[in-house]
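Input: a single structure, listed below in structure tokens.
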Amino acid sequence: MDKQEMVEQAKQMMGLFLTEAKQYIEASFEKKLQIETKSNRNDLVTEVDQYIESLFTRYVKQYFPTHRIFGEEKAEHQVESLDGAIWIIDPIDGTLNFVEQKRDFAISVALYLDGVGEYGIVYDVAKDDLYIGEKGRGATLNGQPIQKVSQERGVANSLLIANLSAVKLYPKLEEAIRVSRGLRLYGAASLEFMAVATGRVGAYLAANLAPWDVAASKIIAEELGCVVSRLSGEEIDMLHKGTSIVALPKVYLELRNSYLQK
Ligand code: IPD
Ligand code: CA
Ligand code: CA
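Counting from 1, position 200 in the sequence shown corresponds to residue 543 in the numbering used here; the numbering is continuous, with no gaps.
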């Protein structure tokens, strides 16, 4: 199967998976969730996160039996190399929002081939907004092409999103926030990436994101002309957690040159 055939088949599979996932998530709004904590009291997992990842696994096994899966919730979904075809999934990005307010959470899924992101989706379930990116073919929102981001807009004309840990790591960011139009925080990395990718926000800076938080969003954001890297400027590798920035090109340069210095 060549790459394009694989992506076409992936789209078919994704349509079926997302329809089923949305139904399950909406039904869960009526029920009492089983909530467990992971690394700390605000790092949550529910049976919905686990179900969505296992539902996706069933689809991949049926459509692409040789592909591997790298996911947040299943210990066996861990990988040590990016060789071959790998699906990277965050079944619910923004679990705390999902638990507390039933909005501002998303399903995030990407297909990487030999380490290159080829196809990514971010699905804002509550709004029924589906963002799709395909390497070299642009990005869409609910089937409509999304415009590329501005080349001219800088920090002074942009809202910024930054988590506190990022500001602690790079204290000059406080000044960047001061000169910007203001600070926003949504609590779901993939939706924060989409806010930048669609030009609503100038940059999103975070201290500790996992590959599944950024894998799909990075493909979509780059297709729309955003710059994505670690806060240090290095490439993000899809095997390890670390800092990240996604920004409009001019905002990126301004932040890197003036505010992302220690
Ligand atoms: C979290 C969200 C949050 C970000 C955390 C992530 P989760 O994902 O994206 O916005 O600040 O670093 O872990 O745990 O809800 O999938
Ligand atoms: Ca996440
Ligand atoms: Ca998650």
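The beta carbon of each residue, even a glycine, is placed where N, CA and C say it ideally should be.
Pull up the distance between the alpha-carbon of G437 and that of S560, whole angstroms please. 14 Å
Is any heavy atom of ligand 2 found at a distance shorter than 6 Å from the C-beta of D615? The question about residue 615 has no answer, for the chain in this structure spans 344 to 605.
For A531, the three-state DSSP class (helix, strand or coil): coil
Using three-state DSSP, classify A363 as helix, strand or coil. Looking at the sequence itself, residue 363 is Glu, so the reference to Ala does not match. Helix, per DSSP.
Going by beta carbon distance, what residues of the same chain come within less than 8 Å of H583, once the five residues before and after it are set aside? P554
Is there contact between the segment 472-484 and the segment 578-592, where contact requires at least three CB pairs shorter than 8 Å? no
Alpha helix (DSSP H) runs contained entirely in the segment 381-426, provided each spans 4 or more residues: 390-406
In its own chain, which residues sit with a C-beta less than 8 Å from the C-beta of G551, not counting the 5 before and 5 after it? Here residue 551 turns out to be Asn, not Gly, going by the sequence shown. Excluding residues within five positions, the ones whose Cβ falls inside 8 Å are S508, K584, G585 and T586.
To the nearest angstrom, how far is it from the Cα of A487 to the Cα of L473? Ala is not the amino acid found at residue 487; the sequence shown has Gln there. Roughly 10 Å between the two C-alpha positions.
Determine, for L567, whether the minimum Cβ-Cβ distance to residues of chain B falls below 7 Å. Absent from the structure is chain B; it holds one protein chain and no more.
Does ligand 1 have even one heavy atom less than 6 Å from the beta-carbon of G585? no
Neighbourhood of N485 by C-beta distance below 7 Å, restricted to the same chain and skipping five residues each side: D472 and L473
Below 8 Å, can you find three or more Cβ-Cβ pairs linking the segment 526-535 to the segment 437-451? yes
Assuming A540 and L567 make a contact with CB atoms under 8 Å, what is their CB distance in whole Å? 5 Å
Ligand 1 heavy atom lying under 6 Å from the CB of G614: Limits of the chain in this structure are 344 at one end and 605 at the other, which puts residue 614 out of reach.
In whole angstroms, what separates the C-alpha of V571 from that of E373? 38 Å
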